[in-house]
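Shown next, in structure tokens, is the structure this report addresses.
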Amino acid sequence: MLAHPAAPEVACPRASRCRDDRTETNDGGAVPDGRLLAVSDLHVGITENRSTLDALRPTGPDDWLIVAGDVAERVRDVEATLRFLTGRFAKVLWTPGNHELWSTADEQSELAAPARYRLLVERCRALGVATPEDPYPVWYGPDGPYAVAPVFTLYDYSWRVPGVTDKQQSLARAHENGVVCTDEYRIDPAPHPAVDDWCRERVAATERALAAHDPGLPLVLASHWPLDRRPTDVLRYPDFAQWCGTELTADWHRRFNVAAVVYGHLHIPRTTWYDGVRFEEVSLGYPREWRRRGHPRGLLRQVLPYPGPAEQPVPPPPPADAKPDAKPSSKPDAKPGSTSGAKPA
Ligand SMILES: [Fe+2]
Ligand SMILES: [Fe+2]
Numbered sequence: 003m004l005a006h007p008a009a010p011e012v013a014c015p016r017a018s019r020c021r022d023d024r025t026e027t028n029d030g031g032a033v034p035d036g037r038l039l040a041v042s043d044l045h046v047g048i049t050e051n052r053s054t055l056d057a058l059r060p061t062g063p064d065d066w067l068i069v070a071g072d073v074a075e076r077v078r079d080v081e082a083t084l085r086f087l088t089g090r091f092a093k094v095l096w097t098p099g100n101h102e103l104w105s106t107a108d109e110q111s112e113l114a115a116p117a118r119y120r121l122l123v124e125r126c127r128a129l130g131v132a133t134p135e136d137p138y139p140v141w142y143g144p145d146g147p148y149a150v151a152p153v154f155t156l157y158d159y160s161w162r163v164p165g166v167t168d169k170q171q172s173l174a175r176a177h178e179n180g181v182v183c184t185d186e187y188r189i190d191p192a193p194h195p196a197v198d199d200w201c202r203e204r205v206a207a208t209e210r211a212l213a214a215h216d217p218g219l220p221l222v223l224a225s226h227w228p229l230d231r232r233p234t235d236v237l238r239y240p241d242f243a244q245w246c247g248t249e250l251t252a253d254w255h256r257r258f259n260v261a262a263v264v265y266g267h268l269h270i271p272r273t274t275w276y277d278g279v280r281f282e283e284v285s286l287g288y289p290r291e292w293r294r295r296g297h298p299r300g301l302l303r304q305v306l307p308y309p310g311p312a313e314q315p316v317p318p319p320p321p322a323d324a325k326p327d328a329k330p331s332s333k334p335d336a337k338p339g340s341t342s343g344a345k346p347a
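Numbering (the working numbering), first residue to last: 3 to 347.
Next comes the structure, spelled out in structure tokens:
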């Protein structure tokens, strides 16, 4: 993380308030009284989750919304959801999750995952939704400005289980333990040989964009996969971590001027701090997950202005017998070989 003038030496839960107060935008206009909100893992293909969409409401006309992946598997569901949200929020930003990349039985079933992604980017642009392929929108709020960067980096099996040294061994261990992510059966990375090849390409391109970004304008990074491995420490099944990210992004929150990282995928909503940077897991998750834990911090997480820990208490880790990353056994798109209750979102 690049230091701003008042950067503390240690983690400061109100670091985003440590900069000079701004009352005007760069062009001299009044600062909008909006909030930067975030959510992920809406999984609207599940009827109960779809019924929660109407509750996703802004606090005012200037609010922005980050949608950090796993909206749905079907292109038309993703598009319809984002269209709905653009009707409510001043700006919507989207980055894909693994579910958007799955082959499905819809009209785009013939598309490999990179082509599906490009199609989704086209649909988003038609809606005015910002994607990882677009310039970073700048949020001017009472605590701004910040550049909000949707990033898409995938995973490369480098978050391996202890005791193994390469991808093949790590995957073999997962198969032995019966905890293989459904991505293995539903994501076709062609023309890339494998998802990790695609991941390395995505990381390199994203890294170039971040390096070219003005270091004086702090960033909010929005990713489906956590950019640091430490959030996966609480996974019920440690084998799942190999489908959750890459070591290649581990220092991004320190190298670049990052004020906060927004992510999902784990279905463990909480706030943690690493190296003085706030990480927000903002997922809705599956019905059996949110029925159990409720929505103690609301359906939408306020990223900026950061309201502080008093208003957003960090819930305790899930109980030892919880399966935060489980897949509903009733979902019709499970493939033979996938393990119910074993997929990380
Ligand atoms: Fe996911
Ligand atoms: Fe998910």
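All residues carry an ideal CB built from backbone N, CA and C; glycine is no exception.
Which same chain residues, not among the five before or five after residue 64, have their C-beta less than 7 Å away from its C-beta? As a working note, residue 64 is residue 62 in the sequence shown. Excluding sequence neighbours, residue 64 sits near 34, 35, 36, 92.
So the alpha helix (DSSP H) residue 212 belongs to, where does it begin and stop? Along the sequence shown, read from residue 1 onward, the residue named residue 212 stands at position 210. That run of the alpha helix (DSSP H) goes 197-214.
Quick one: does the C-beta of residue 51 sit closer than 7 Å to a heavy atom of ligand 1? For this step, residue 51 is matched to residue 49 along the sequence shown. No.
Mapping the DSSP letters down to three states, classify residue 92 as helix, strand or coil. Numbered from its first residue, the sequence shown carries residue 92 at position 90. Correct three-state label for residue 92: coil.
Could you check whether the region 193-202 touches the region 228-236, counting it as contact only if at least three pairs of C-beta atoms, one from each stretch, sit closer than 8 Å? no
Does the distance from the CB of residue 224 to the CB of residue 40 come in under 8 Å? If you number the sequence shown from 1, residue 224 lands on position 222. If you number the sequence shown from 1, residue 40 lands on position 38. Their beta carbons are under 8 Å apart, which means residue 224 touches residue 40 by this criterion.
Would you say the region 110-125 touches the region 144-152, given that touching needs at least three Cβ pairs under 8 Å? no
Within 8 Å, strictly: CB atoms of residue 77 and residue 42: Mapped onto the sequence shown, residue 77 falls at position 75. Mapped onto the sequence shown, residue 42 falls at position 40. No. Outside cutoff.
For residue 106, does the count of other Cβ atoms within 10 angstroms reach 16, so buried, or fall short, so exposed? Position 104 of the sequence shown, counted from the first residue, corresponds to residue 106. Burial call: buried.
C-alpha gap between residue 205 and residue 83, whole angstroms: One-based indexing of the sequence shown puts residue 205 at position 203. One-based indexing of the sequence shown puts residue 83 at position 81. Near 27 Å, if we compare the C-alpha coordinates of residue 83 and residue 205.
Which of the three DSSP states is assigned to residue 152 in this structure? Within the sequence shown, residue 152 is the residue found at index 150, counting from 1. In the structure shown, residue 152 sits in a strand (DSSP, three-state: E or B).
Taking residue 74 as the reference, which of 264, 102, 90 has the closest Cα? Sequence index remark: in the sequence shown, residue 74 carries index 72 (1-based). Checking every option, the nearest Cα to that of residue 74 belongs to 102.
Between the beta-carbon of residue 141 and the beta-carbon of residue 38, is there less than 8 Å? Here residue 141 corresponds to residue number 139 of the sequence shown, with the count starting at 1. Here residue 38 corresponds to residue number 36 of the sequence shown, with the count starting at 1. Result yes, Cβ atoms of residue 141 and residue 38 sit closer than 8 Å.
Residue 71 Cβ short of 7 Å to ligand 1 heavy atom set: On the sequence shown, position 69 is the one that residue 71 refers to. Because some heavy atom of ligand 1 lies under 7 Å away, the Cβ of residue 71 counts as near it: yes.
If the criterion is Cβ atoms closer than 8 Å, does the pair residue 189 and residue 115 meet it? By 1-based counting over the sequence shown, the position of residue 189 is 187. By 1-based counting over the sequence shown, the position of residue 115 is 113. Yes, they are a contact pair.
Straight-line gap, residue 179 to residue 89 (C-alpha atoms, nearest Å): In the sequence shown, the residue the question calls residue 179 occupies position 177. In the sequence shown, the residue the question calls residue 89 occupies position 87. Using only the alpha carbons, I get a separation of about 45 Å.
Would residue 213 be called buried (16 or more neighbouring beta carbons within 10 Å of its own) or exposed? The residue labelled residue 213 in the question sits at position 211 within the sequence shown. Residue 213 comes out exposed.
Beta-bridge pairing of residue 125 - partner residues as DSSP gives them: What you label residue 125 is simply residue 123 of the sequence shown in a count that begins at 1. Paired residue(s): none; residue 125 is not in a bridge.
Bounding residues of the beta strand (DSSP E) (the contiguous stretch that carries residue 39): Locating residue 39 in the sequence shown gives position 37, where the first residue counts as 1. First-last of the beta strand (DSSP E) with residue 39: 38-41.
Specify whether the region 295-309 and the region 262-279 touch according to this definition: at least 3 beta carbon pairs, one from each stretch, less than 8 Å apart. yes
So, are the CB atoms of residue 94 and residue 67 less than 8 Å apart? The sequence position of residue 94 within the sequence shown is 92, counting from 1. The sequence position of residue 67 within the sequence shown is 65, counting from 1. Cβ atoms of residue 94 and residue 67: closer than 8 Å.
May I ask whether a heavy atom of ligand 2 can be found less than 7 Å away from the beta carbon of residue 99? Mapped onto the sequence shown, residue 99 falls at position 97. Residue 99: yes, Cβ under 7 Å from ligand 2.
Does ligand 1 have a heavy atom nearer than 7 Å to the CB of residue 241? Counting from 1 along the sequence shown, the entry for residue 241 is found at position 239. It does not: the Cβ of residue 241 is nowhere closer than 7 Å to a heavy atom of ligand 1.
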